[in-house]
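Participant: The numbering of the sequence shown is numbering that gives the first Met the number 0, which starts it at 0 and goes up by one. Where is the CB? At the ideal position from N, CA and C, for every residue including glycine.
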Amino acid sequence: MDLRNSAPFVGMPLMLLLVQVGAILLSPRMQEAGVAAFEDPSSPANPIIFLGILLVFTLIMLFLIRRGVKRLIGAIIAVSIFFSLIYIFSAISSYLFGFTLIAAGATLAGAVLATVFLYLYPEWYVIDVIGVLIAAGVASIFGISLEIIPVIILLVLLAIYDAISVYKTKHMISLAEGIIELKTPILVIIPKTRSYSYIREGISLEGGERGAFVMGLGDLIMPTILAVSAHAFIEAPLIAGFASAPALGAMIGTFGGLGVLMYFVNRGNPQAGLPALNGGAITGFLIACALTGAWSWVPGV
Numbered sequence: 000m001d002l003r004n005s006a007p008f009v010g011m012p013l014m015l016l017l018v019q020v021g022a023i024l025l026s027p028r029m030q031e032a033g034v035a036a037f038e039d040p041s042s043p044a045n046p047i048i049f050l051g052i053l054l055v056f057t058l059i060m061l062f063l064i065r066r067g068v069k070r071l072i073g074a075i076i077a078v079s080i081f082f083s084l085i086y087i088f089s090a091i092s093s094y095l096f097g098f099t100l101i102a103a104g105a106t107l108a109g110a111v112l113a114t115v116f117l118y119l120y121p122e123w124y125v126i127d128v129i130g131v132l133i134a135a136g137v138a139s140i141f142g143i144s145l146e147i148i149p150v151i152i153l154l155v156l157l158a159i160y161d162a163i164s165v166y167k168t169k170h171m172i173s174l175a176e177g178i179i180e181l182k183t184p185i186l187v188i189i190p191k192t193r194s195y196s197y198i199r200e201g202i203s204l205e206g207g208e209r210g211a212f213v214m215g216l217g218d219l220i221m222p223t224i225l226a227v228s229a230h231a232f233i234e235a236p237l238i239a240g241f242a243s244a245p246a247l248g249a250m251i252g253t254f255g256g257l258g259v260l261m262y263f264v265n266r267g268n269p270q271a272g273l274p275a276l277n278g279g280a281i282t283g284f285l286i287a288c289a290l291t292g293a294w295s296w297v298p299g300v
């Protein structure tokens, strides 16, 4: 393996680590701020609702991409990013300044500036920094909003959906190509060389040499939800004052899944990330539960 092709084996694990650590650190702030995606975190209907919303959003985006309505697509994504940043900066600001006007002003200013900068200068490192922040915040919100069993159901359903959409229907590849062509910032980018510019060169998902590797934010968010949920809903001693063994097990398992994914990504073809990543997270989580006896999340145990 040459240096150019080894870039994702350093960059992507680093991105994943930052998202996982950030999501767990943000989770108490999100809980204090009262941010939640679902009223009942134990409801088995939550994964179905989540998947339904995802399918509707995907269909809308594919329709708009095929119609060539670039400005509307950009506006929809910009609004989504803006409100995601509002929730994230709100949790951080309320922790720093309390629930005050200063916190509200800092939240609004941070969200506006980050969104504007992202669209005025969508270079890969700008996209990566804000992408990691968004991924950590979204994973934190859903992690504190879903208990363990709904999360596992969600991750299994998403892994199946991702595999079908990439290898069978291939509509996820069409969506990714449209998103990359528009240079919309809902992914992270790992360049192969220092001179690479996402603004000038973009990225092609066709076979052959690429200037950079990409990973969708969903691939960072979804397995991290399990780590956050384990941290939030399983009462267990914290290791090194950071997270419990089940949460760390989910994190470590995700890295194992990422290693498998990178093996196939290095061949140069688009890959469904969630089967490996979600499978790794669930496996690591269950192994950690078995080793520590942390089965309180299982009904009747």
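Looking at the secondary structure, which residues open and close the beta strand (DSSP E) in which Ala35 lies?
Facilitator: By 1-based counting over the sequence shown, the position of residue 35 is 36. Neither: Ala35 is in no beta strand (DSSP E) and is coded neither H nor E.
Participant: For Gly283, which residues in the same chain have their Cβ closer than 6 Å to its Cβ, ignoring the five residues on either side in sequence?
Facilitator: As a first step, residue 283 must be located in the sequence shown, where it is residue number 284. Non-local beta-carbon contacts of Gly283 in its own chain, meaning distances under 6 Å to residues more than five positions away in sequence, involve Gly248, Ala249, Ile251 and Gly252 in chain order.
Participant: Tell me whether Met0 sits in a helix, a strand or coil according to DSSP, three-state version.
Facilitator: Looking up residue 0 in the sequence shown gives position 1. Only weak support is given to the placement of Met0: the predicted model assigns it a pLDDT of 48, under 50, and the value that follows is read from those uncertain coordinates. Coil, per DSSP.
Participant: Just how far apart, CA to CA, sit Leu290 and Ala244?
Facilitator: Mapped onto the sequence shown, residue 290 falls at position 291. Mapped onto the sequence shown, residue 244 falls at position 245. Their Cα atoms are separated by approximately 9 Å.
Participant: Can you name, in chain order, every residue of its own chain whose Cβ lies under 6 Å from the Cβ of Gly278, other than the five neighbours on each side?
Facilitator: For the purposes of this step, residue 278 is taken as residue 279 along the sequence shown, with counting starting at 1. Gly256, listed in sequence order.
Participant: Determine the burial state of Lys191: buried for a count of at least 16 other Cβ atoms within 10 Å of its Cβ, exposed for fewer.
Facilitator: Taking the first residue of the sequence shown as position 1, residue 191 is located at position 192. Counting the other Cβ atoms within 10 Å of the Cβ of Lys191 gives 16 or more, which makes it buried.
Participant: Looking at the structure shown, is Ala27 part of a helix, part of a strand, or coil, going by DSSP?
Facilitator: Here the question's residue 27 lines up with position 28 in the sequence shown. Correcting the residue identity first, residue 27 is Pro in this sequence and not Ala. The three-state reading of DSSP puts Pro27 in helix, counting H, G and I together.
Participant: With a threshold of 8 Å on Cβ separation, who are the neighbours of Ala231 within its own chain once the five nearest residues in sequence on each side are excluded?
Facilitator: Start at 1 with the first residue of the sequence shown, and residue 231 comes out as number 232. Excluding residues within five positions, the ones whose Cβ falls inside 8 Å are Ser26, Gln30, Gly142 and Ile143.
Participant: Can you give me the Cβ contacts of Met0 inside the same chain, cut-off strictly under 6 Å, excluding the 5 residues immediately before and after it?
Facilitator: Walking along the sequence shown from the start, residue 0 turns up at place 1. Reliability fails at Met0, whose pLDDT of 48 lies under 50, so the model's placement of it is uncertain and the value that follows must be treated cautiously. None.
Participant: Using 8 Å as the threshold, is the segment 29 to 48 in touch with the segment 136 to 156, meaning 3 or more CB pairs across them?
Facilitator: yes
Participant: Unbroken alpha helix (DSSP H) runs of length 4 or more, entirely within the segment 215 to 242: which are they?
Facilitator: 216 to 232
Participant: Quick check on this structure: which residue in Ser139, Ile59 and Leu63 has the alpha carbon closest to the alpha carbon of Val34?
Facilitator: Here residue 34 refers to the residue found at position 35 when the sequence shown is read from its first residue. Minimum Cα distance to Val34 is reached at Ser139.
Participant: Pairing CB atoms from the segment 44 to 57 with CB atoms from the segment 114 to 124, are three or more of them under 8 Å?
Facilitator: no
Participant: Which residue or residues does DSSP assign as beta-bridge partners of Leu186?
Facilitator: Stepping through the sequence shown from its first residue, residue 186 is reached at position 187. Gly215, per the DSSP bridge assignment.
Participant: With a threshold of 7 Å on Cβ separation, who are the neighbours of Phe96 within its own chain once the five nearest residues in sequence on each side are excluded?
Facilitator: Taking the sequence shown and counting its residues from 1, the one referred to as residue 96 is at position 97. Around Phe96: Ala102 and Ala105.
Participant: Can you have a look at Arg193 and say buried or exposed, based on whether 16 or more other CB atoms are within 10 angstroms of its CB?
Facilitator: Within the sequence shown, the letter at position 194 stands for residue 193. Arg193 comes out exposed.
Participant: What residue does the alpha helix (DSSP H) around Ile159 start on, and which one ends it?
Facilitator: Position 160 of the sequence shown, counting from 1, holds the residue named residue 159. Residues Ile147 to Ala162.
Participant: For the alpha helix (DSSP H) holding Val111, just list the boundary residues, first then last.
Facilitator: Here residue 111 is taken as the residue at index 112 of the sequence shown, counted from 1. Leu100 to Leu119 is the span of the alpha helix (DSSP H), which, as asked, contains Val111.
Participant: What separation, rounded to the nearest whole angstrom, lies between the Cα atoms of Met171 and Thr99?
Facilitator: Reading the sequence shown from its first residue, position 172 is the one you call residue 171. Reading the sequence shown from its first residue, position 100 is the one you call residue 99. Each residue's Cα considered, the two are about 42 Å apart.
Participant: Measure the C-alpha to C-alpha separation of Ala44 and Pro12 and round it to an integer number of angstroms.
Facilitator: Mapped onto the sequence shown, residue 44 falls at position 45. Mapped onto the sequence shown, residue 12 falls at position 13. If I take the Cα positions, the gap works out to 32 Å.
Participant: Which word fits Gly240, buried or exposed, when buried means at least 16 other C-beta atoms lie within 10 angstroms of its C-beta?
Facilitator: Taking the first residue of the sequence shown as position 1, residue 240 is located at position 241. Answer is exposed; the Cβ neighbour count stays below 16.
Participant: In whole angstroms, give me the CA-to-CA distance for Pro275 and Ile202.
Facilitator: Working through the sequence shown from its first residue, we reach residue 275 at position 276. Working through the sequence shown from its first residue, we reach residue 202 at position 203. The sequence shown places Ala at residue 275, not Pro. When rounded, the distance between both Cα atoms is 23 Å.
Participant: Under 6 Å Cβ to Cβ from Pro222, same chain only, skipping five residues before and after it: list those, please.
Facilitator: What you label residue 222 is simply residue 223 of the sequence shown in a count that begins at 1. Cβ-Cβ distances below 6 Å link Pro222 to Thr253, Leu276, Asn277 and Ala280 in the same chain, with the five nearest sequence neighbours on each side left out; the list follows chain order.
Participant: Counting only the same chain and skipping the five closest in sequence on each side, list residues whose C-beta sits under 8 Å from that of Ala235.
Facilitator: Translated into the one-based positions of the sequence shown, residue 235 becomes position 236. So the list reads Ser243, Ala244, Pro245, Thr291 and Ala293, once near-sequence residues are dropped.
Participant: Taking only the alpha-carbon atoms, compute the straight-line gap between Pro46 and Val9 and give it to the nearest angstrom.
Facilitator: By 1-based counting over the sequence shown, the position of residue 46 is 47. By 1-based counting over the sequence shown, the position of residue 9 is 10. C-alpha separation (whole angstroms): 32 Å.
Participant: Can you tell me whether Arg193 is helix, strand or coil according to DSSP?
Facilitator: Taking the sequence shown and counting its residues from 1, one reaches residue 193 at position 194. Note: Arg193 maps to coil in three-state DSSP.
Participant: Measure the Cβ-Cβ separation of Phe88 and Gly109 and say whether it is below 8 Å.
Facilitator: As a first step, residue 88 is located in the sequence shown; it is residue number 89 there, counting from the start. As a first step, residue 109 is located in the sequence shown; it is residue number 110 there, counting from the start. Taking 8 Å as the Cβ cut-off, Phe88 and Gly109 qualify as a contacting pair.
Participant: Find out if the Cβ-Cβ distance for the pair Leu126, Val187 is shorter than 8 Å.
Facilitator: Locating residue 126 in the sequence shown gives position 127, where the first residue counts as 1. Locating residue 187 in the sequence shown gives position 188, where the first residue counts as 1. Note that residue 126 is Ile in the sequence shown here, rather than Leu. Result yes, Cβ atoms of Ile126 and Val187 sit closer than 8 Å.
Participant: Label Ile91 either buried or exposed according to how many other C-beta atoms from any shown protein chain fall within 10 Å of its C-beta, with 16 as the threshold for buried.
Facilitator: For the purposes of this step, residue 91 is taken as the residue at position 92 of the sequence shown. Buried.
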